[in-house]
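Residue numbers (our numbering): 1 to 410.
Right, dumping it as structure tokens:
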């Protein structure tokens, strides 16, 4: 735990061997005066700011078994649980899931990790060492997460007009991979991004977009049901290989992550009253900003920051004008349904993109277009018009539900 005690990102040390020159442990730390120690502990907490939406976590989903709900003597494992507080009735999903953390990388090295089970880089590991290191660090991270205030809010009677805990951005503890762990991973169900591990395909539900999340309050038995939460998958370029020519072939013939994605897109519009967004995370694609004042939403894991972009902002590279494999996949997905199908254009309404902030290319989107387009002046003028009415247009586009699909070939 030494490499975590100061909140150092695991990828900095886990794959290297400690030596007398590069020791990850600062032995005289306990002899420092209290003031600098507390300052170090506080600086090690997961940073949050106005532009920071939340953490990016890698998890496995456990589906709640409700197959016998037709029986008269059936006791529902969720709605009949006395620990359930409230239910997101604005989102009528088709099932329930609980989240489980991936294996913690403590004590592992790069040689002991297989490609199927890569190093866990979840943001829920950021503060893990602070909860486990010592009493002083626990007090600091507890203050940082406002855990005492949250627990007091849960126990005390509500004053008139005061919001209940499940109506706020509360912290939830998810099940650790190793139940012997002395620490529970903390997440924020309404704010954070949850990337589903696909190494075990059977753990990925067919219709994951209409699954409602069981979210415990901190580490207590009390829980609520969250309908709209940020579900994500890591995009794999192999999803473009031998792409089927029809929806039935994609959904029924093959058994894959992309087939489950297609099934979810097919059923989600008729299954729920509100759209549930699905995020694809591309670690490799480059992107360009639309304006110099762009302030995209940010999510963070242990390795870096991810930002939300529009579909038309992707680029394979600085010299290559193509938009990358992820857009090829989205285009293929969009071309499968026929006009009039109830799920026509469902991909453009539901799928959003998350990319690495560090993969941003120099210049602006219009400048990239100008370099290879005779009508560059016209595009630039359109961009200037957009900047004058940007906030209004973006609001209208978001209400349309299809703002993420701009620029995709139809």
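Just so you know, even glycine gets a beta-carbon here, dropped at the ideal spot from N, CA and C.
Based on the DSSP output, what are the partners of residue i in its beta bridges?
{"i": "residue 96", "result": "212"}
{"i": "residue 193", "result": "56, 230"}
{"i": "residue 251", "result": "None; residue 251 has no bridge partner."}
{"i": "residue 243", "result": "Paired residue(s): none; residue 243 is not in a bridge."}
{"i": "residue 416", "result": "Outside the displayed span of the chain (1 to 410) sits residue 416, for which this structure offers no information."}
{"i": "residue 224", "result": "215"}
{"i": "residue 101", "result": "59"}
{"i": "residue 175", "result": "100"}
Is residue i a contact residue of the ligand HEM, with contact defined as CB to any heavy atom under 7 Å?
{"i": "residue 243", "result": "Here there are no bound small molecules, and the ligand HEM is not part of this structure."}
Under the rule that 16 or more other beta-carbon atoms within 10 Å means buried, what is residue i, buried or exposed?
{"i": "residue 286", "result": "buried"}
{"i": "residue 353", "result": "buried"}
{"i": "residue 169", "result": "exposed"}
{"i": "residue 282", "result": "buried"}
{"i": "residue 71", "result": "exposed"}
{"i": "residue 104", "result": "buried"}
{"i": "residue 220", "result": "exposed"}
{"i": "residue 358", "result": "exposed"}
{"i": "residue 295", "result": "exposed"}
{"i": "residue 250", "result": "buried"}
{"i": "residue 300", "result": "buried"}
{"i": "residue 280", "result": "buried"}
{"i": "residue 192", "result": "buried"}
{"i": "residue 319", "result": "exposed"}
{"i": "residue 35", "result": "exposed"}
{"i": "residue 75", "result": "exposed"}
{"i": "residue 253", "result": "exposed"}
{"i": "residue 164", "result": "exposed"}
{"i": "residue 185", "result": "buried"}
{"i": "residue 136", "result": "exposed"}
{"i": "residue 54", "result": "buried"}
{"i": "residue 30", "result": "exposed"}
{"i": "residue 276", "result": "buried"}
{"i": "residue 43", "result": "exposed"}
In this structure, does DSSP put residue i in helix, strand or coil?
{"i": "residue 200", "result": "coil"}
{"i": "residue 306", "result": "strand"}
{"i": "residue 350", "result": "helix"}
{"i": "residue 81", "result": "coil"}
{"i": "residue 282", "result": "strand"}
{"i": "residue 234", "result": "strand"}
{"i": "residue 56", "result": "strand"}
{"i": "residue 328", "result": "helix"}
{"i": "residue 170", "result": "coil"}
{"i": "residue 115", "result": "With a pLDDT of 39 at residue 115, under the threshold of 50, the modelled position of this residue cannot be trusted; read the value that follows with caution. If DSSP states are grouped into helix, strand and coil, residue 115 belongs with coil."}
{"i": "residue 23", "result": "Below a pLDDT of 50, predicted positions are generally treated as unreliable, and residue 23, at 48, falls in that range; the measurement from the model is reported next regardless. Three-state DSSP puts residue 23 in coil, outside helix and strand."}
{"i": "residue 217", "result": "coil"}
{"i": "residue 299", "result": "strand"}
{"i": "residue 356", "result": "strand"}
{"i": "residue 32", "result": "coil"}
{"i": "residue 186", "result": "strand"}
{"i": "residue 141", "result": "helix"}
{"i": "residue 63", "result": "strand"}
{"i": "residue 37", "result": "helix"}
{"i": "residue 258", "result": "helix"}
{"i": "residue 389", "result": "With a pLDDT of only 42 at residue 389, under 50, the local geometry of the prediction cannot be trusted, and the value read off the model is given with reservation. Three-state result, residue 389: coil."}
{"i": "residue 311", "result": "helix"}
Which residues in the same chain have their Cβ closer than 7 Å to the Cβ of residue i, if we skip the five residues on either side of it in sequence?
{"i": "residue 189", "result": "172, 213, 215, 226, 229"}
{"i": "residue 203", "result": "60, 61"}
{"i": "residue 120", "result": "58, 102, 103, 104, 105"}
{"i": "residue 378", "result": "Here the model assigns residue 378 a pLDDT of 37, short of 50, so the residue's position is not dependable, and the following value carries that caveat. Closer than 7 Å at Cβ, skipping near neighbours: no residue."}
{"i": "residue 38", "result": "140"}
{"i": "residue 151", "result": "218"}
{"i": "residue 41", "result": "130, 136, 137, 140"}
Going by beta carbon distance, what residues of the same chain come within less than 8 Å of residue i, once the five residues before and after it are set aside?
{"i": "residue 97", "result": "61, 62, 63, 64, 205, 208, 211, 212, 213, 214"}
Once the 5 residues before and after residue i are set aside, which same chain residues still bring their CB inside 6 Å of it?
{"i": "residue 95", "result": "211"}
{"i": "residue 364", "result": "289"}
{"i": "residue 175", "result": "100"}
{"i": "residue 333", "result": "347"}
{"i": "residue 267", "result": "207"}
{"i": "residue 46", "result": "126, 127"}
Validate contact between the segment 194 to 208 and the segment 259 to 268 using beta carbons, cut 8 Å, 3 pairs: yes
Three or more C-beta pairs under 8 Å: does that hold for the segment 320 to 327 against the segment 68 to 84? no
Could you check whether the segment 305 to 322 touches the segment 236 to 243, counting it as contact only if at least three pairs of C-beta atoms, one from each stretch, sit closer than 8 Å? Three or more Cβ pairs closer than 8 Å define a contact, and the segment 305 to 322 falls short of that threshold against the segment 236 to 243.
Hey, is the segment 298 to 307 in contact with the segment 350 to 364, meaning 3+ C-beta pairs nearer than 8 Å? yes
I want to know whether the segment 194 to 202 touches the segment 232 to 241 - three or more CB-CB distances under 8 Å. yes
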